[in-house]
Amino acid sequence: AEDGAIQVFGKNLEQLLMQPPIAGKVVLGWDPAFRTGCKLAVVDATGKVLDTTVVYPTAPTTEKKIRAAKDTVEGMIEKYGVSLISVGNGTACRESEQVIVDMLKEIPEKKVQYVITNEAGASVYSASKLATEEFPNFDVGQRSAASIAKIDPKSIGVGQYQHDMNQKKLDEALSGVVEDSVNKVGVDLNTASASLLEYISGISKAIAKNIVAYREENGQFTDRKELLKVAKLGPKAFEQCAGFMRISGGKNPLDATSVHPESYEAASALLSKLGYKPNDVVAGNLLGLSLQVKDYKKMAAELGIGEITLRDIVKELEKPARDPRDDMPKPILRSDVLEMKDLKEGMVLKGTVRNVIDFGAFVDIGVHQDGLVHISEMTERFIKHPLEAVSVGDIVDVRVIGVDMKKKRISLSMKGLNK
703 AEDGAIQVFG KNLEQLLMQP PIAGKVVLGW DPAFRTGCKL AVVDATGKVL DTTVVYPTAP
763 TTEKKIRAAK DTVEGMIEKY GVSLISVGNG TACRESEQVI VDMLKEIPEK KVQYVITNEA
823 GASVYSASKL ATEEFPNFDV GQRSAASIAK IDPKSIGVGQ YQHDMNQKKL DEALSGVVED
883 SVNKVGVDLN TASASLLEYI SGISKAIAKN IVAYREENGQ FTDRKELLKV AKLGPKAFEQ
943 CAGFMRISGG KNPLDATSVH PESYEAASAL LSKLGYKPND VVAGNLLGLS LQVKDYKKMA
1003 AELGIGEITL RDIVKELEKP ARDPRDDMPK PILRSDVLEM KDLKEGMVLK GTVRNVIDFG
1063 AFVDIGVHQD GLVHISEMTE RFIKHPLEAV SVGDIVDVRV IGVDMKKKRI SLSMKGLNK
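Shown next, in the form of structure tokens:
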């Protein structure tokens, strides 16, 4: 039973990690609360925290406080060019959402959207040693607002009975999943946090911190070779990690690919032999490159590399820095609000699968409560486990089949809606 539960958790976590990121945006993290106020943090496209504050738009509140909160947030949007608000889905989430929707209607020209983020684990993270290291000058509230993107896998509620597991075994399984995912996708050297960089081959905790410190001191990396200037990162570590570190918009277009610096010479020679320039790599002009190499054996010999290496280079140049997550469904960005009392039986809505357990799946449809799709309501065909039909992060169509306002339960069905 324990192994089964760990397996479900691992699969859910993998799906969560492989969700397409919302990249290149300045994000306002909004940690909702009532009495203590909503904690806000603005994070730039590289993940650096630009500003934090607290506003009081939720009960107990007054019109004056709501207006002041809206003015503060609108000021931050204006000052930092915020284009997305990420709201934690905890206490006071829907009240905060209502305030945000009202405010966004006041500034339609800014084209700001919001997304409800699963904040399970954010409170565990914000009080953790890792968060203290990452944001040493912040208090717990500020850290939790900044953290809605940085959560320990074990704290994320995407499994069942995870607190009853053998924690060492669970940690090992989940670390393996994170490591696989990180090395599959690679990391953006200019945005990755120290805790993420640690999962890359050859990078220790100390080196990961040094990379972030170097970036904050000297600005963005423009060349992979700059990594060698980072304290304690020697040639051996560089050899191991370089292929996983991506730099987009750097000096060398090959830095945006998973081609290893050792193969740059061969890759450049291959491009010039076929009549291409290095800039064709990032311009996406190399589709069909594999068909242009008529004889791999002969070409590999001319370039002085192995045939397998050549095939890898060609595959990567055809689809440079192709993020395997691009094929996954994108998170739902919202600009209006829905409440539980608005739900009627028979309504069809789009939702995000938040958790998959043995008897069904919980789907976020944009109201305070996630709805349950029981395993019997998932597909027309017989399935042994919900994972055969859905994964965490999937965007699915669901039909409302029951709303119990007293018990705050929403029953959903996916039958006949998702092909």
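So for the sequence shown, this note's numbering puts the first residue at 703; every next one is plus one.
We treat Cβ as the ideally placed atom computed from N, Cα and C, and that holds for glycine.
State the CB to CB distance for the pair residue i and residue j, rounded to an integer number of angstroms; the pair is presumed to be in contact (CB under 8 Å).
i	j	result
residue 1090	residue 1116	Residue 1090 to residue 1116, Cβ: 13 Å. No contact.
residue 680	residue 784	No answer is possible for residue 680: it lies beyond the span of the chain, which begins at 703 and ends at 1121.
residue 888	residue 926	The Cβ separation is near 12 Å, so there is no contact.
residue 1005	residue 968	5 Å
residue 1110	residue 1071	5 Å
residue 1098	residue 1053	6 Å
Do you know how far the Cα of residue j is from the Cα of residue i?
i	j	result
residue 900	residue 916	15 Å
residue 765	residue 752	28 Å
residue 874	residue 712	10 Å
residue 1026	residue 769	For residue 1026, the predicted structure reports a pLDDT of 47, less than 50, and the residue's modelled location is therefore unreliable. A value from the coordinates is still provided. Roughly 43 Å separates the two Cα atoms.
residue 982	residue 989	10 Å
residue 742	residue 894	21 Å
residue 998	residue 1008	9 Å
residue 744	residue 976	46 Å
residue 800	residue 817	13 Å
residue 1051	residue 1102	8 Å
residue 954	residue 961	12 Å
residue 1021	residue 907	31 Å
residue 1120	residue 1062	16 Å
residue 804	residue 780	17 Å
residue 1019	residue 1045	49 Å
residue 673	residue 807	No statement about residue 673 is possible, as the shown extent of the chain runs from 703 to 1121 and does not include it.
residue 829	residue 1067	Model confidence at residue 829 stands at a pLDDT of 44, short of 50, so the residue's coordinates are unreliable and nothing is read from them.
residue 856	residue 896	Caution applies to residue 856, whose pLDDT of 39 falls short of 50 and renders its modelled position unreliable; the value that the coordinates give is listed next. Those two C-alpha atoms are separated by around 18 Å.
residue 1075	residue 1087	13 Å
residue 1083	residue 710	21 Å
Using a threshold of 9 Å, state whether the C-beta atoms of residue i and residue j are closer than that.
i	j	result
residue 757	residue 775	yes
residue 1114	residue 1065	yes
residue 956	residue 963	yes
residue 1041	residue 1069	yes
residue 912	residue 933	yes
residue 771	residue 795	no
residue 904	residue 941	yes
residue 1094	residue 1055	yes
Residues bridged to residue i by DSSP?
i	result
residue 947	889
residue 731	743 and 788
residue 1077	In the DSSP output, where bridge partners are listed per residue, residue 1077 has none listed.
residue 1053	1098
residue 754	743
residue 976	Its beta-bridge partners do not exist; DSSP assigns none.
residue 1062	1059 and 1076
residue 815	786
residue 1114	1075 and 1102
Is residue i near the ligand FMN - that is, is its Cβ less than 8 Å away from at least one heavy atom of it?
i	result
residue 946	By its list of ligands, the structure shown contains no ligand whatsoever, and the ligand FMN lies outside what it can speak to.
| said: My parser needs the alpha helix (DSSP H) runs of 4 or more residues fully inside the segment 894-968; what are they? | reply: Segments of the alpha helix (DSSP H) lying fully in the segment 894-968: 896-899, 907-920 and 937-943.
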